[in-house]
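A.B. asks: Our numbering puts the sequence shown at residues 849 to 1258. The beta-carbon is built from N, C-alpha and C at its ideal position, and this holds for glycine as well. This structure is a prediction, so every number in the text was calculated from the model and none was measured.
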Amino acid sequence: MALSTEDRAAAISLRQLRLFVAIGDLKSVRRASEECGLSQPAVTQALAKLEDQVGVTLVNRRADGSYLNELGSIFHARVRRFLDQTERALIDAGSVASPRAAEAIANRLTRSQLRMLVGVSEAGSFERASEALGISISSLHRAARDLESNMRVSLFYRTAVGMIVGPVGVTFGRRIKLALQEVEWAIEEVEAALGRSSRQTVIGAMPFGGSLLLSSVLDEFLAAHPRADIHIINDSAPKLMKSLGNGDVDLVIGLLPEQIDDDITAVPLAPTPYSIVARRSHPLLARPKVRHDDLVACDWVIGTEGSGRRACFDRLFADGTTPPARISTCAQTVLQHLLKSSDRLALMTEYEIEHGDDDLRPVRFDPIAPVPSIGIMMRTNWLPTRLHDDFVDIVRRRVRAPRLQLSQVV
């Protein structure tokens, strides 16, 4: 059975990656060996092993030096990002103050130390990490001591229930996890350049608009990339934002949250204002103009805590006169059923109304501000692959399509 991209990347040592970057930068195996303090045969052997693990030739050897080929350049760019992100994370963790010092510390880090930190951070304890990774607790503790010694920073602390990761360790572990993904993307981009694809693309779909938009683009995307492996995660906005920041999701599509962390970039595609909706036979639909008091008299279905829909509802009734709202949900099918089977009201965007259930209609009420946008969210320092770029292009085209009837494209 062929190894996954993640397993192939994990089998590559950090020393191999550093040596490969040195060869690419210096265009010479000899100069790379001098730069890294190793013998030329050792560097040659490390490069040969790396090429065997990746499955392609990355460097062309000539009489005047060693030069990256096309695939080597693709791989080199990603590995350089891994090293840069690791060194930046060391500085931000307080381990060192300068890039040169960070490079020296990074050269002492090992794959086992980083695997331990990421594993313990995600598992929440050394015991659970030991079970998940299949590594003894004593080995994890030894790797933890070595990592703290290398960094000269406290990453863990003792509690009554044992050693746990401290705040600095959690942040550093998350940064390292994202950096290590660059090595996985390096392999994936080489595979894609050869017409193969082996890594799963994970897309987060926000409730309502995200799922609707995503369902409209998947067929076109898979027709263009028949070998693509797509995994869709449907969850609430706060949970998807956390997954995106942790690197568990590549992209998130849907209604852009009003507040976004600095490490997330939101790309608005089109404004889609909120309206108040009800079933077709609702008494308020017969009125030429609905007043605020009319809304207060009705039962509501609201968004879950932390969602833009919930924030809009809270603003709409900020004067303290809040209508009964005993049900909160981010499930579109649940919301539609509740509205169609009762005289409840809810907030829906223009996009959701146009592509949702025909039995639901907007009531005649004043425009609701601010106007949210449907869009795409990604990590700020993330470098998408060609597969990701193609996916985003299709999403953009779909939003611009006349049949969506969106009034403006940002």
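Out of Ile985, Val1001, Pro1136, which has the shortest C-alpha to C-alpha gap to Gly1010?
C.D. replies: Nearest C-alpha to Gly1010: Ile985.
A.B. asks: Between which two residues does the alpha helix (DSSP H) containing Ser986 stretch?
C.D. replies: Element bounds for Ser986: 985-999.
A.B. asks: Apart from the five residues on each side of it in sequence, which residues of its chain come closer than 7 Å, Cβ to Cβ, to Val968?
C.D. replies: If we look at Val968 and ignore the five residues flanking it on each side, its Cβ neighbours are Phe974, Ala977, Leu988, Val1013.
A.B. asks: Can you grab the Cα-Cα spacing for the pair Phe1069 / Arg878, in whole Å?
C.D. replies: Roughly 45 Å separates the two Cα atoms.
A.B. asks: Could you tell me how far apart the beta carbons of Ile1222 and Ala1076 are, in whole angstroms, since I believe they sit closer than 8 Å?
C.D. replies: Their Cβ separation, rounded to whole angstroms, is 23 Å, which puts Ile1222 and Ala1076 out of contact at 8 Å.
A.B. asks: Rank Ala850, Asp912, Arg929 by C-alpha distance to the C-alpha of Arg866 and give the top, closest one.
C.D. replies: The shortest Cα separation from Arg866 among Ala850, Asp912, Arg929 belongs to Arg929.
A.B. asks: Entirely within the stretch 1047-1090 and at least 3 residues each: give me those beta strand (DSSP E) ranges in chain order.
C.D. replies: Counting only runs of 3 or more, we get 1049-1053, 1078-1082.
A.B. asks: Can you tell me whether DSSP reads Val1018 as helix, strand or coil?
C.D. replies: Of the three classes helix, strand and coil, the one that applies to Val1018 here is helix, per DSSP.
A.B. asks: So, is His789 buried or exposed, given that buried needs 16 or more other C-beta atoms within 10 angstroms?
C.D. replies: This structure gives no information on residue 789, because the portion of the chain shown stretches from 849 to 1258.
A.B. asks: Along the chain, where does the alpha helix (DSSP H) that runs through Leu1235 open and close?
C.D. replies: Its alpha helix (DSSP H) spans residues 1234-1248.
A.B. asks: Just to confirm before moving on: does the CB-CB distance between Ala1027 and Ala937 stay below 8 Å?
C.D. replies: Against a cut-off of 8 Å, the Cβ pair of Ala937 and Ala1027 comes out as a contact.
A.B. asks: So, helix, strand or coil for Asn1229, using DSSP?
C.D. replies: Asn1229: coil per DSSP, three-state reduction.
A.B. asks: Short of 6 Å in beta carbon distance, which residues of its chain neighbour Arg926, apart from the five on each side in sequence? Order them along the chain.
C.D. replies: Taken in chain order, the residues that qualify are Glu1030, Trp1033, Ala1034.
A.B. asks: How long is the line joining the alpha carbons of Arg1022 and Val966, rounded to whole angstroms?
C.D. replies: The straight-line gap from Cα to Cα measures roughly 7 Å.
A.B. asks: For Ser1176, does the three-state DSSP call read helix, strand or coil?
C.D. replies: Correct three-state label for Ser1176: strand.
A.B. asks: For Ser1045, count neighbouring Cβ atoms within 10 angstroms of its own Cβ and tell me buried if that reaches 16, exposed if not.
C.D. replies: By the neighbour-count rule (16 or more Cβ atoms within 10 Å), Ser1045 is buried.
A.B. asks: So, do the stretch 989-1001 and the stretch 911-919 have three or more beta carbon pairs nearer to each other than 8 Å?
C.D. replies: Verdict: no, contact absent.
A.B. asks: Which residue marks the beginning of the beta strand (DSSP E) containing Leu867, and which one marks its end?
C.D. replies: Note, Leu867: premise wrong, no beta strand (DSSP E); alpha helix (DSSP H) at 862-874.
A.B. asks: Quick check: the Cα distance between Arg948 and Leu1235, rounded to an integer number of angstroms?
C.D. replies: In a straight line, the C-alpha of Arg948 is about 34 Å away from that of Leu1235.
A.B. asks: DSSP on Gly1095, reduced to helix/strand/coil?
C.D. replies: Coil.
A.B. asks: How about the stretch 1146-1154 and the stretch 1172-1183: do they share at least three Cβ pairs that are nearer than 8 Å?
C.D. replies: Because the criterion of three Cβ pairs below 8 Å is met, the stretch 1146-1154 and the stretch 1172-1183 touch.
A.B. asks: According to DSSP, which residues form a beta bridge with Tyr1005?
C.D. replies: Ile1012, per the DSSP bridge assignment.
A.B. asks: Quick one: what's got a C-beta closer than 6 Å to Ala950's C-beta in the same chain, skipping five residues either side?
C.D. replies: Closer than 6 Å at the Cβ level, and outside the excluded window around Ala950, lie Glu935, Leu938, Ile939, Val944.
A.B. asks: Between the C-alpha atoms of Gln1107 and Pro1131, what's the straight-line distance to the nearest angstrom?
C.D. replies: So the alpha carbons of these two residues sit roughly 35 Å apart.
A.B. asks: Kindly indicate the opening and closing residues of the alpha helix (DSSP H) around Ile1108.
C.D. replies: Note, Ile1108: premise wrong, no alpha helix (DSSP H); not H, not E.
A.B. asks: Spatial neighbours of Ile1112 within its chain, please: C-beta separation below 6 Å, excluding the five flanking residues on both sides.
C.D. replies: Answer for Ile1112: Met1225, listed in chain order.
A.B. asks: Can you give me the C-alpha to C-alpha distance between Arg1227 and Lys1137, rounded to a whole angstrom?
C.D. replies: For Arg1227 and Lys1137, the distance between alpha carbons rounds to 43 Å.
A.B. asks: So which of Ile1024, Tyr1199, Ile1124, Ile1101 has the shortest CA-CA distance to Phe1213?
C.D. replies: Phe1213 has its Cα closest to that of Ile1124, out of Ile1024, Tyr1199, Ile1124, Ile1101.
A.B. asks: In this structure, does DSSP put Gly982 in helix, strand or coil?
C.D. replies: Looking at Gly982 - three-state DSSP - the assignment turns out to be coil, as it is neither helix nor strand.
A.B. asks: Lys1025 and Gly1095 - do their beta-carbons sit closer together than 8 Å?
C.D. replies: Yes, these two residues count as a Cβ contact at 8 Å.
A.B. asks: List the DSSP bridge partners of Ser1123.
C.D. replies: The partner list for Ser1123 (beta bridge, DSSP) reads Met1196.
A.B. asks: Considering Cα atoms alone, identify which of Pro1105, Asp1191, Arg1163, Ala1194 is closest to Pro1220.
C.D. replies: Here the closest residue by C-alpha is Pro1105.
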